Amino acid sequence: MICSLFVSHSVGSIFWDFVFMLFLCVSVSHSLRYFYTAMSPIPGLPEIVAVGYVDDIPIDYYDSDLRKLIPRQQWIQECQSLEYWDEQTQILRSSEHVGQTNIQTALNRTNQSGGIHTVQVMHGCELRDDGLTSGFHQEGWDGQDYISFDKDHMVWVTPVAWGLITKNKWDENKARNQQRKAYLEGTCIEWLKKYLEQGKQHLESISPQVFLFVDKVSDTNLAQITCLVTGFYPRDIEVILLRNGEDFMDAYSTGILPNHDGTYQLRRWAQINPEDGATYSCQYEQSEKEVETRDWDGMFRVIPGSRRGINSRLDVGIVVAVVALITVVIGAIVWKRTGVERKSAYRPANCTAGGESSSNSSSQA
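First residue of the sequence shown? That's 1 in UniProt numbering, and the numbers climb one at a time after it.
In structure tokens form, the structure reads like this:
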């Protein structure tokens, strides 16, 4: 069982003013997700942005300045016809006004005027290795939950009083809700399976490399043990430091960070007394079937310095993690200019026949 924290890409409080945080505590799964953002007009930034993902790999991109849906992976470009991209572009163009209308509606209902505001939509589905599926549709206003679809009960749920007008309006549209449920439980899953087959060579699981080492400050008993797990895909993984075979509760973590090639890395570390006779190891679990433990060999990397040296390394580690996350966030804004392939040697996609749209249009509040 893998439990990890997922934080979706966000580009600041004035571009994509939301961070969807999902705790995943399931067997390894795959997902198809779409993010739509409508924003108050700001010179130099598009008012509408739409991005599609398979797992954490961007597959397509659209914004209201570009006014064209473009593929973000070569394998998906190969497998969809020119007519597909043209049709999806027309759908997105025709729905641009919905986002701006919803911003104005939210302003009126919250008694606000002026300023920078955003409406966000996330919908999609997940397919677990054990065959179970799930679907979701969530909407936000200025980074806060606004309304979501309960597909099991065919109703909309809102945590804010001013969202009741929209809830009641959308609850009455039974046909539309049935269509949305069918999309989340059927169409979305079908497209996810197609994408997984088409991009199989590039979405397959990759096992990590594991490095376990200890840095010891000269002339002291201070040391820091570090476990670096890198090069894995997908991002679902659990990594723990062990002391005498038990979870080392005092360990720090960078969290899961991206590598330049589309894989991921995670680093955990802790202060130890290397002369206390304890054994140390690092264990990762990438799936219920893949568990590996790396034992410390008792060797040190001696570094000059004082007691402050180790503490500084801990502080720097945290800062590096934060800077890396900011870098990822900023990087999202240039996707339409720079695509990333996880493997240098490209292999042709295994294309299967397409069908209706893999995404689903938004509704007016």
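C-beta: ideal position from N, C-alpha, C; glycine also.
If you're wondering where the values come from, they're calculated on a predicted model, not measured in any experiment.
Distance, residue j Cα to residue i Cα
| i | j | result |
| --- | --- | --- |
| residue 68 | residue 74 | 17 Å |
| residue 258 | residue 266 | 9 Å |
| residue 52 | residue 58 | 6 Å |
| residue 192 | residue 79 | 13 Å |
| residue 367 | residue 242 | Shown here, the chain extends from 1 to 365; a query on residue 367 therefore has no answer. |
| residue 87 | residue 62 | 13 Å |
| residue 29 | residue 129 | 6 Å |
| residue 55 | residue 127 | 10 Å |
| residue 101 | residue 229 | 46 Å |
| residue 249 | residue 271 | 11 Å |
| residue 314 | residue 186 | Annotation note: pLDDT 41 at residue 314 (below 50); position unreliable, coordinate value reported separately. Going from the Cα of residue 314 to the Cα of residue 186 covers about 47 Å. |
| residue 177 | residue 141 | 21 Å |
| residue 203 | residue 276 | 44 Å |
| residue 197 | residue 365 | 36 Å |
| residue 66 | residue 90 | 13 Å |
| residue 119 | residue 49 | 11 Å |
| residue 363 | residue 286 | 38 Å |
| residue 297 | residue 238 | 22 Å |
| residue 163 | residue 94 | 25 Å |
For residue i, three-class secondary structure by DSSP
| i | result |
| --- | --- |
| residue 286 | strand |
| residue 206 | strand |
| residue 188 | helix |
| residue 296 | coil |
| residue 243 | strand |
| residue 98 | helix |
| residue 83 | helix |
| residue 197 | helix |
| residue 222 | coil |
| residue 151 | coil |
| residue 91 | helix |
| residue 166 | helix |
| residue 268 | strand |
| residue 172 | helix |
| residue 364 | coil |
| residue 230 | strand |
| residue 256 | coil |
| residue 103 | helix |
| residue 180 | helix |
| residue 235 | coil |
| residue 330 | Per-residue confidence for residue 330 stands at a pLDDT of 35, beneath the threshold of 50, marking its modelled position as unreliable; the derived number appears in the next sentence. Note: residue 330 maps to helix in three-state DSSP. |
Supposed contact pair residue j and residue i - C-beta distance, whole angstroms, cut 8 Å
| i | j | result |
| --- | --- | --- |
| residue 232 | residue 207 | 6 Å |
| residue 223 | residue 236 | Not really, about 31 Å apart at Cβ, beyond 8 Å. |
| residue 40 | residue 117 | 5 Å |
| residue 125 | residue 188 | 4 Å |
| residue 165 | residue 156 | Residue 165 to residue 156, Cβ: 11 Å. No contact. |
| residue 283 | residue 256 | Rounded, the Cβ-Cβ distance is 16 Å, inconsistent with contact. |
| residue 184 | residue 137 | 7 Å |
| residue 64 | residue 46 | 5 Å |
| residue 180 | residue 211 | Not confirmed; about 46 Å, so no contact. |
| residue 195 | residue 32 | 7 Å |
| residue 244 | residue 279 | 6 Å |
Cβ neighbour criterion (16 or more within 10 Å) applied to residue i
| i | result |
| --- | --- |
| residue 35 | buried |
| residue 291 | exposed |
| residue 153 | exposed |
| residue 135 | buried |
| residue 132 | exposed |
| residue 358 | buried |
| residue 139 | buried |
| residue 260 | exposed |
| residue 71 | buried |
| residue 218 | exposed |
| residue 322 | Any answer about residue 322 is weak, because its pLDDT of 39 lies below 50 and its placement is not dependable; what the coordinates show is given next. So residue 322 counts as exposed. |
| residue 360 | buried |
| residue 121 | buried |
| residue 220 | exposed |
| residue 301 | exposed |
| residue 37 | buried |
| residue 175 | exposed |
| residue 385 | Outside the shown range of the chain, which is 1 to 365, sits residue 385, and nothing can be said about it. |
| residue 106 | buried |
| residue 114 | exposed |
| residue 200 | exposed |
| residue 161 | exposed |
Original post:
At what residue ranges does the stretch 28-78 contain a whole run of the beta strand (DSSP E), taking only runs of 3 or more?
Top reply: 29-39, 48-54, 57-63
**OP:** Scan the stretch 114-146 and note each continuous beta strand (DSSP E) run of 3 residues or more that stays entirely inside, going in chain order.
**Re:** 118-128, 133-141
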